[in-house]
């Protein structure tokens, strides 16, 4: 019974560490494109805060989902960032539109 308990704790520890590493891969400043191919930046901070200079600027929170990123902006819009066949992709959703565009990390 004691071995199962320690094995359980070890598995939890390993999963938590892998989630932290996945998070570190996404933290930083990203160059994104909107549906008209205009450039803007998205900054993902370690504390889960997301910022963007798109339009008048956006603020929100991000989290890791299956190794990818979900950003929920305070405006109600969402971005899902993932590694796709064509590199890093951003799926943007709002009540008025939905589109996919590319992204690249700039630091």
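Residue numbers (the numbering used here): 757 to 863.
In this text, a Cβ means the ideal position worked out from N, Cα and C, and glycines have one as well.
Asked	Found
Assigned exposure category for residue 816 - 16 Cβ within 10 Å defines buried	buried
Cβ neighbours of residue 827 in the same chain (closer than 6 Å, five flanking residues each side left out)	806, 816, 818, 835
Cα-Cα separation, residue 863 to residue 851	31 Å
Residue 787 beta carbon less than 8 Å from that of residue 794	no
Range covered by the beta strand (DSSP E) that runs through residue 828	824–829
Buried or exposed by the 16-neighbour rule on C-beta atoms within 10 Å, applied to residue 825	buried
Through-space distance from residue 832 to residue 841, alpha-carbon basis	28 Å
Residue 842 - containing beta strand (DSSP E), residue span	First-last for residue 842: undefined, no H or E at that position.
Own chain residues within Cβ distance below 8 Å of residue 782, not counting five before or after	800, 818, 820, 825, 837
Span of the beta strand (DSSP E) around residue 819	814–821
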